[in-house]
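The sequence shown: position 54 = 55 (my numbering), numbered continuously.
Glycine included, each C-beta is placed from N, C-alpha and C at the ideal position.
The structure under discussion appears below in the form of structure tokens.
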Amino acid sequence: MHQDLLTFLNWTKEDANKLLQFALDLKQHPQKYGKLLEGQSVVAIFEKPSLRTRVSFDIGINKLGGHMVYVDSQGAELKKREDPVDVGANISQWADAIVARVYSHETLNGLADGADIPVINALCDKYHPCQALADYITMHEHLGAVAGKTMAYVGDGNNVTHSLLILGILLGCHQVVITPAGHDIDPKLLGDIQALAKAQNVNLIFSNDMQDLKRCDVIYTDTWLSMGDETPLQTIKDAFMPYQVNRGLVEAVQASFVMHCQPAHRDLEITGELMDSEQSLLMAQANNRMHAQNAILSYLMTDREL
Ligand code: CP
Ligand code: NVA
């Protein structure tokens with residue numbers, strides 16, 4: 002039976018930790034893994050634009066000896082042409098895994114239902130698991146074990162927030178999420194996230210008040226408008242500006258580092274000065290996208306144990 006990586010919600014803390022360690026080994030000893038995906042093909046379907054995800058998957062698969070075929074759905078949802086179940090079944094005739102960036106999480110469920118090969122979520126409306134793994138690898142490299150550290154997310158409660166919460170809790174990282182009112186995380190996911198935090202004995206704070214952001218190890222932010230959100234920037238700018246990640250905030254909460262999944266908007270959600278500073282982990286995060294994804298691909302596409 003094949004496994005997919007759609008959310009990390011069904012993972013154990015042991016496996017999450019092993020996956021992170023495996024990604025570090027892949028990064029440190031690439032010569033050991035150059036033939037892991039020899040002769041294998043991955044189809045990567047993108048309904049939305051991408052720089053980091055597309056390029057890091059393509060180059061990463063190549064480094065493991067495999068081959069990637071890029072399918073651009075040109076801004077249109079797959080389901081407008083064909084049921085995702087049938088797309089998944091067709092791709093399974095030729096390829097060994099599917100990577101998909103989609104508007105709706107339901108499209109991923111459809112692809113996974115139709116496919117008999119692994120399906121990997123390369124971002125949807127609810128989750129961005131590959132990003133979260135790269136981010137916690139980055140945190141581990143700069144701060145040591147993430148268990149017991151505190152990640153503070155400031156900004157729009159979105160797909161990146163959800164995945165940072167889920168994987169971070171599994172890894173034992175305390176979580177603070179500060180969002181403007183009306184831009185909280187998806188209430189449908191709140192129960193699962195709270196239950197996970199309780200089970201893992203991880204502190205969880207949600208607030209609309211910046212005063213609730215106290216001492217933390219890293220501050221993370223993301224765009225105020227995610228792909229597919231047509232709200233005019235001016236409409237949300239006033240609400241979000243007090244939540245900007247800037248030098249004053251970093252100093253007030255004594256954060257060691259700032260993080261952002263990118264694409265970033267200089268002097269909106271984060272100041273350009275911080276992005277370029279020594280406290281910025283943005284390029285380290287981008288670098289780790291490939292290692293995170295290669296660990297996921299290797300785990301799902303081969304018989305190796307974590
Ligand atoms: N962070 C990230 O997923 O970047 P892209 O949208 O460029 O792939
Ligand atoms: N929340 C952002 C992440 C981009 C990588 C979006 O969905 O557009």
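Nearest to residue i (by Cα), restricted to the options the options
i, options, result
"residue 134", "303, 285, 305, 306", "285"
"residue 93", "238, 277, 302, 118", "118"
"residue 148", "33, 57, 171, 31", "171"
"residue 1", "200, 30, 218, 181", "Because the chain in this structure spans residues 2 to 307, residue 1 falls outside the shown range and cannot be described."
"residue 211", "202, 188, 179, 195", "179"
"residue 187", "200, 166, 173", "166"
"residue 302", "88, 96, 52, 30", "96"
"residue 52", "123, 234, 206", "123"
"residue 78", "63, 109, 61", "109"
"residue 114", "206, 91, 131, 208", "91"
"residue 264", "132, 67, 71", "132"
"residue 71", "273, 36, 45", "45"
"residue 213", "155, 76, 19", "155"
"residue 215", "298, 143, 152", "152"
"residue 125", "296, 54, 59", "54"
For residue i, the three-state DSSP class (helix, strand or coil)
i, result
"residue 196", "helix"
"residue 295", "helix"
"residue 103", "coil"
"residue 152", "strand"
"residue 176", "strand"
"residue 118", "coil"
"residue 163", "helix"
"residue 44", "strand"
"residue 133", "helix"
"residue 311", "Any property of residue 311 remains undetermined from this structure, which presents the chain solely from 2 to 307."
"residue 236", "helix"
"residue 228", "coil"
"residue 290", "helix"
Cα-Cα separation between residue i and residue j, rounded to whole angstroms
i, j, result
"residue 230", "residue 249", "29 Å"
"residue 14", "residue 240", "36 Å"
"residue 279", "residue 234", "29 Å"
"residue 29", "residue 292", "10 Å"
"residue 192", "residue 199", "11 Å"
"residue 69", "residue 98", "10 Å"
"residue 37", "residue 49", "29 Å"
"residue 33", "residue 289", "18 Å"
"residue 274", "residue 168", "29 Å"
"residue 142", "residue 83", "43 Å"
"residue 43", "residue 5", "13 Å"
*Quick check: the stretch 246 to 265 against the stretch 90 to 104, are there 3 or more CB pairs under 8 Å?*
no
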